[in-house]
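The structure appears below as structure tokens.
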Amino acid sequence: MDIIQVQNISMKFNLMEEKIDTLKEYVIKLIKGKLFYNEFIALKDVSFNVEKGEILGIIGFNGAGKSTLLKILAGVLKPSAGKVLVNGNVAPLIEVGAGFDPELTAKENIFLNGAILGHSRKFLQEHFNEIIEFAELSRFINVPVKNFSSGMYARLGFAIATVTNPDILIVDEVLSVGDYLFQEKCERRIQEMIDKGTTIILVSHDISLIERLCNKVVWLEYGQLKEIGKAELVTKHYKGV
Ligand SMILES: Nc1ncnc2c1ncn2[C@@H]1O[C@H](COP(=O)(O)OP(=O)(O)OP(=O)(O)O)[C@@H](O)[C@H]1O
Ligand SMILES: [Mg+2]
């Protein structure tokens, strides 16, 4: 059964041609009709399906459109064309620090971020210690997260996103900022989720991680689907570039 269907997705961004420094400059240009945008196509006619329980890796060079695709799957961005059908609840771990308020403490952010993921206050109270222990941030619960390192952000985000078993877990690269011990711990948790039937979509430049975890891989190149298929085959072609 398909849990995700991506149907002919395209994504266009408007890139500002010239640098505009002030709001005044912007308004003047807007009034004079001199505001030029360059259309940039980040994704072009991408289609694929993900079956329930599948572990899909998405690979490709910098700027290929991987994060843009994940944001569309998570419902954060609306595609310019095409549609996505998602058959389950999604826990997205998309950018380091996304969904956190930097001024709030780790504790407050657990409740904020947890609420965004759809967890009740009661659930979060019950699982608070588990989240903090997994993230190994017990000493930092009352510290505003703006003072966190990128690895600490990633730990907190991963711990919150994986405290329940979502139907679909989407992970974008964030694990790469964790130290190797934390990366191993995350990989074990992802493996547990795989065993329980969670569908996982993983973007990483760590090709050996992709080969270890994924059974299917999507290779994006300049926003287009270059290849899709068995992990070992697609990664082999990718490495052979
Ligand atoms: N909000 C935006 N406005 C304009 N352009 C954007 C926006 N978001 C992404 N892009 C552009 O779309 C392209 C794809 O970006 P994306 O972040 O999806 O790449 P990526 O494959 O995740 O790359 P990386 O491996 O570096 O993380 C890039 O050229 C980027 O500049
Ligand atoms: Mg990216």
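For the sequence shown, the working numbering begins at 599 and goes up steadily by one. Heads up, the beta-carbon is just placed ideally off N, CA and C, and yes, glycines get one too.
- Lys627 sits in a helix when the DSSP states are folded into three classes.
- Residue state for Gly749 is assigned as helix, using DSSP reduced to three classes.
- Within the segment 660 to 733, the complete alpha helix (DSSP H) runs of at least 4 residues fall at 664 to 671, 704 to 714 and 719 to 733.
- Phe638 is positioned such that its CB atom lies closer than 9 Å to that of Asn612.
- Inclusion of Val801 in the 8 Å shell around ligand 1 follows from its C-beta lying nearer than that to a non-hydrogen atom of the ligand.
- At a cut-off of 8 Å, the beta-carbon of Phe646 does not count as near ligand 1: no heavy atom of the ligand is closer than that.
- When the Cα atoms are used, Gly749 and Val688 turn out to be separated by approximately 23 Å.
- Our two residues, Val604 and Asn636, have alpha carbons roughly 26 Å apart in a direct line.
- Lys617 sits exposed, since fewer than 16 C-beta atoms from the chains shown fall within 10 Å of its C-beta.
- Counting along the chain, Glu825 sits inside the beta strand (DSSP E) bounded by residues Gln822 to Lys828.
- About 24 Å separates the beta carbons of Gly755 and Gly651, which is beyond the 8 Å limit, so they are not a contact pair.
- Restricting attention to Gly631, Arg786, Gln789 and Thr760, the CA atom closest to the CA of Leu722 is found in Thr760.
- In the DSSP annotation of this structure, the continuous segment of the alpha helix (DSSP H) that includes Ile805 starts and ends at Ile805 to Leu811.
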